[in-house]
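Single-structure report; data block below.
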Amino acid sequence: MAGTVLSVGIVACAATLAVTLTAVGGAAVFSQRLAGAADAAALAAADAASGLVAGAPCERAGQIAQAAGADLAVCDLDGLIATVTVSAVFGRFAATASARAGPPG
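Residue numbers (our numbering): 123 to 227.
Below is the structure:
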């Protein structure tokens with residue numbers, strides 16, 4: 123009987139650990155995808171600011187963020203340098219990521 127209780131306890135702990143690690147792994151993947159969306163949006167805004175592509179810089183950033191499943195929260199332009207913040211929801215938690223892009227140098 124004691125061995126059965128011990129076995130059930132070990133299985134319950136292992137299952138809890140597996141669920142927790144799965145949630146943490148999902149959050150890490152979500153974070154990287156959100157960072158990628160911010161990078162792409164900042165690059166699009168910088169390209170539009172430089173005239174490389176047509177359109178308003180922040181509108182382009184918003185389109186790219188939407189395509190990546192995020193919302194454009196902040197878009198700042200300082201000359202040809204674009205700083206963008208995007209946000210999205212993971213489960214019940216709001217997450218944000220920021221990126222900056224512009225000409226080299």
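All C-beta atoms, glycine included, are put in the ideal place defined by N, C-alpha and C.
For residue i, the nearest candidate out of the options (CA to CA)
i	options	result
L202	V211, A171, S220 and R214	A171
L165	M123, T205, V211 and V141	T205
L199	A163, G213 and A145	A163
G184	G125, V196 and A137	V196
C-beta contact flag for residue i and residue j at 8 Å
i	j	result
S153	A217	yes
T208	L194	Note that residue 208 is Val in the sequence shown, not Thr. For V208 and L194, yes; Cβs fall inside 8 Å.
A140	A159	no
A167	R155	no
Beta-bridge partners of residue i, as assigned by DSSP
i	result
T218	S209
>> Please give the ranges of any beta strand (DSSP E) in the segment 128-215, keeping only runs that are unbroken, at least 3 residues long and fully inside the region.
In response: 193-200 and 203-212
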